[in-house]
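Here the sequence shown is numbered in numbering that gives the first Met the number 0, starting from 0 and rising by one per residue.
Backbone N, C-alpha and C fix where the C-beta goes; we use that ideal spot for every residue, glycine too.
Predicted, not measured: the structure shown is a model, and the values here were computed from it.
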Amino acid sequence: MSTDIIENQQPWELDNIDWEAAAKDLGDNVAIVTTDPSKPPLLIKKKNQKLQEIQQKTSSLPWIETLECVTAQRSEIKNANNDLQREVAFYQMTLDCVKDSLDRLNDLQIPYRRPNDFYAEMLKSDQHMARVKARILWEKKKIGVVEARKKNSRLTKFHKQMMFEKNKASSAREKEELNAIETWKNSLFVFFLIKKNHTELRSFCSNRSDKSLQEILRQSRREYLQKKENEKKKKPNMRRIMKDMKYGKSGGGTKMGRSKKNTHMSSKEYFDDFARSGNAAREEAHYKNMKQLTQKLKGNSKNKFIQNKKIKAAPKTHRPSKKQRWKQVLQKVGKMQTI
């Protein structure tokens with residue numbers, strides 16, 4: 000047979016070896032040459048023969064002498080460097096072997112007692128295995144939390160997308176409704192123009208022949224509303240008109256009772272031959288109105304309270320004329336001279 004030589008990681012250290020001489024000495028044995036010169040080459044064939052001898056000896060002995068146990072299922076670890084997967088595999092192998100051994104002892108009717116160090120075959124203490132179990136549970140819980148978080152994120156993204164689509168559809172529907180309302184308003188405005196005057200509509204459309212119908216209707220409606228608003232602005236305010244009639248405009252005017260007092264126009268002699276105006280006229284009108292009101296109320300026999308009640312008229316105010324005031328002044332001056 001040919002000699003198979005398996006080199007190690009440093010092949011440059013094996014250049015000085017006489018491979019032909021080594022092959023003649025070994026014969027049919029397979030040699031594994033190591034880089035360490037202190038260690039002799041390993042003989043694979045002799046090693047296999049020794050293992051077969053040991054296996055034959057153990058197979059001939061009863062099981063109670065060896066307590067050898069092999070798991071029925073082969074344990075496969077995807078990543079041997081993963082501590083969690085490796086510890087779980089060891090734990091499962093040990094558990095299967097212990098169950099198988101206990102069944103065999105029961106079949107042989109051999110009494111047994113569970114030792115305190117149940118995991119002694121793994122060279123691990125109970126505290127260490129408890130920590131391993133706690134870590135396994137923690138890892139499972141962590142994985143579950145991460146998966147739940149991913150699921151929630153997917154659900155939130157899905158809901159956001161659904162809400163976006165819903166809002167988009169609602170906005171499109173709202174836009175269509177607004178456009179329909181706008182066209183309806185424009186159609187009403189066109190009907191109003193046609194009913195009002197056909198020539199006005201023809202002239203209106205002929206002046207805007209370069210625009211589309213929607214633009215024409217929109218602009219016409221805007222002009223119509225602007226015209227209405229201008230008419231409202233021009234319309235007088237009745238409340239303002241009545242106040243101006245009663246009190247006069249700001250800045251002083253003929254309607255105001257406080258304007259132009261103590262003049263020759265306000266003297267008593269000037270108004271002797273004319274109707275009263277101003278405060279005196281208002282006082283006189285108030286007195287007449289109150290008098291008429293009392294007469295009407297006294298005619299009604301049902302209202303006894305008003306019959307006995309006397310309504311006081313407004314006191315008459317008399318302002319001395321200019322001549323009278325001069326007389327009073329001269330009288331005072333004459334008295335002072337006599338004194």
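Cβ-Cβ distances below 8 angstroms link residue 103 to 62 in the same chain, with the five nearest sequence neighbours on each side left out; the list follows chain order. The Cβ atoms of residue 86 and residue 131 lie closer than 7 angstroms to each other. Under the three-state reduction of DSSP output, residue 81 falls in the coil class, being neither helix nor strand. Rounded to whole angstroms, the gap between the alpha carbons of residue 70 and residue 107 is 20 angstroms. The three-state secondary structure of residue 181, taken from DSSP, is helix. Just measuring C-alpha positions, the residue of 81, 222, 95 and 83 sitting nearest residue 67 is 95. Residue state for residue 53 is assigned as helix, using DSSP reduced to three classes. Where residue 75 is concerned, there is no enclosing alpha helix (DSSP H), because DSSP gives it neither an H nor an E. A direct Cα-Cα distance of roughly 31 angstroms separates residue 231 from residue 176.
Leaving aside the five residues that flank residue 127 on each side, none in its chain has a CB nearer than 6 angstroms to its CB. No residue range can be given for residue 318, since it is assigned to no alpha helix (DSSP H) and is classified by DSSP as neither H nor E.
Fully contained in the region 124-156 is no beta strand (DSSP E) run of length 3 or more.
One Cα belongs to residue 174, the other to residue 181, and the distance between them is close to 10 angstroms. For residue 236, the secondary structure class from DSSP, reduced to helix, strand or coil, is coil. Residue 112 and residue 99 have their C-alpha atoms some 15 angstroms from each other. For residue 65, the enclosing alpha helix (DSSP H) has its first and last residue at 62-65. Counting only residues of its own chain and dropping the five nearest sequence neighbours on each side, residue 56 has no CB closer than 8 angstroms to any other CB. By the criterion of a C-beta distance shorter than 6 angstroms, residue 178 is surrounded by no residue of its chain, once the five residues flanking it on both sides are discounted. Comparing alpha carbon positions, the residue from 64, 65 and 91 closest to residue 75 is 91. Excluding sequence positions up to five before and after residue 153, its CB lies less than 6 angstroms from no other CB in the same chain. Straight through space, the alpha carbons of residue 53 and residue 88 are spaced by roughly 27 angstroms. Residue 245 and residue 237 have their C-alpha atoms roughly 12 angstroms apart. In the three-state DSSP reduction, residue 223 falls in the helix class (H, G or I). Taking 7 angstroms as the cut-off, the beta carbon of residue 83 is found closer than this to the beta carbon of residue 138. Distance from the CA of residue 241 to the CA of residue 224, rounded to the nearest whole angstrom, comes to 29 angstroms.
If you draw a straight line from the Cα of residue 78 to the Cα of residue 143, it is about 21 angstroms long. In the three-state scheme derived from DSSP, where H, G and I count as helix and E and B as strand, residue 69 is classed as coil.
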